[in-house]
Amino acid sequence: MHQFWFYIGSFPIRAYSTIFVSAFLLGLGVTIFLAKVEGKKHLGEHLMNLAPLLFLGGILGARFWQVFFFDWSYYKANPGEIIKIWHGGLSIQGGVVGALLVALVYIYKHKLSFWELADLVAPGMILGQSIGRDANLMNGDAFGGPTGGNFGILYPENTLARQTYGDQPLWPAEVWEGQLDVIIFALLLVIKQRRLPKGSIFLLYNILYNIGRFFLEMLRGDSPRFLFGWDAAQWSSAVIILIALALLVYVTLLDRKQQRRETAEQGNG
Numbered sequence: 001m002h003q004f005w006f007y008i009g010s011f012p013i014r015a016y017s018t019i020f021v022s023a024f025l026l027g028l029g030v031t032i033f034l035a036k037v038e039g040k041k042h043l044g045e046h047l048m049n050l051a052p053l054l055f056l057g058g059i060l061g062a063r064f065w066q067v068f069f070f071d072w073s074y075y076k077a078n079p080g081e082i083i084k085i086w087h088g089g090l091s092i093q094g095g096v097v098g099a100l101l102v103a104l105v106y107i108y109k110h111k112l113s114f115w116e117l118a119d120l121v122a123p124g125m126i127l128g129q130s131i132g133r134d135a136n137l138m139n140g141d142a143f144g145g146p147t148g149g150n151f152g153i154l155y156p157e158n159t160l161a162r163q164t165y166g167d168q169p170l171w172p173a174e175v176w177e178g179q180l181d182v183i184i185f186a187l188l189l190v191i192k193q194r195r196l197p198k199g200s201i202f203l204l205y206n207i208l209y210n211i212g213r214f215f216l217e218m219l220r221g222d223s224p225r226f227l228f229g230w231d232a233a234q235w236s237s238a239v240i241i242l243i244a245l246a247l248l249v250y251v252t253l254l255d256r257k258q259q260r261r262e263t264a265e266q267g268n269g
């Protein structure tokens, strides 16, 4: 684990920043490829225009979520740290929300199908999240709690994880989440081969990721806990799962209604 790859003079090239940008670009690349394979090149062209806005909206949303929902007590006491995103502290859930809000404005302006675009980007998003967890590992943030034994990750001296727990080995929560994200990525690609209602892939991405995130958060040691001993990520996950399940039922019923209507029209014809 190295927080810095190298220095250019006194300027550090941070592992966190470079991996984070790589995660976004690789996720975007996968999405552009899927757009081409699925015959949706027009959406791929829109995504190229939308990508810088998604990146900016994602960062702002991720930082807002981290500061005000996940660790406000720390940032309230250290307001100068709020803008220092290179120190880590970007919430994936907040990033998705921030990018989603930007996308909604763009979709409305250009009269695109939200569900079609959302289904297209879902696999690339979860792949980017997986790579992004490597950035957390290298930076020593988003770490687990103490394992209570002689197994686990022992972070370097200058990381937040080491400063928080000292010489105690910690659960590899961020590593396991990254591995889970790869599994979800593969599952989404398999599921995309089936004919499903529009929006299903995106909603399944939200459900699968947040179920995994909810349970892995039990191992985390970097977030304050609230009611039921849940941290902010678990509460966010619970809300997202419920909303996504409700929307999945809605799009499924809507799709069945549409199919019945088309069948009736063909019968009448």
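The sequence shown begins at 1 in full-length UniProt numbering and counts up one residue at a time.
All residues carry an ideal CB built from backbone N, CA and C; glycine is no exception.
Exercise. Evaluate contact between the segment 155–165 and the segment 96–111, counting only Cβ atoms and requiring at least three cross-stretch pairs below 8 Å.
Key: no
Practice problem: List the DSSP bridge partners of residue 222. | Solution: Beta-bridge pairing links residue 222 to no other residue.
Practice problem: Identify the continuous alpha helix (DSSP H) that holds residue 12 and give its terminal residues. | Solution: Looking at the DSSP string, residue 12 is not in any alpha helix (DSSP H); the run it does join, the beta strand (DSSP E), is 11–14.
Self-check item: Nearest-angstrom Cα separation, counted from residue 8 out to residue 203
Solution: 43 Å
Quiz item: Between residue 241 and the rest of its own chain, which residues show a CB-CB distance below 8 Å, the 5 nearest in sequence each way excluded?
Solution: So the list reads 206, 207, 210, 211, 214, once near-sequence residues are dropped.
Exercise. Evaluate the contact criterion for the segment 137–156 versus the segment 179–186: three or more CB pairs, one atom per stretch, below 8 Å.
Key: no
Quiz item: On the three-state DSSP scale, how would you describe residue 181?
Solution: Residue 181 falls in the helix class under three-state DSSP.
Exercise. Could you tell me whether the segment 53–73 touches the segment 91–101, using the rule of 3 or more Cβ pairs below 8 Å?
Key: yes
Exercise. Taking the CB atoms as reference points, tell me whether residue 276 and residue 43 lie closer together than 8 Å.
Key: This structure cannot speak to residue 276, because the chain is shown only from 1 to 269.
Exercise. Using the Cα positions of residue 171 and residue 142, report the straight-line distance between them to the nearest angstrom.
Key: A direct Cα-to-Cα measurement between residue 171 and residue 142 gives close to 11 Å.
Self-check item: Cα-Cα separation between residue 73 and residue 79, rounded to whole angstroms
Solution: 10 Å
Quiz item: Helix, strand or coil: which one does DSSP assign to residue 215?
Solution: Judged by DSSP in its simplified three-state form, residue 215 adopts helix.
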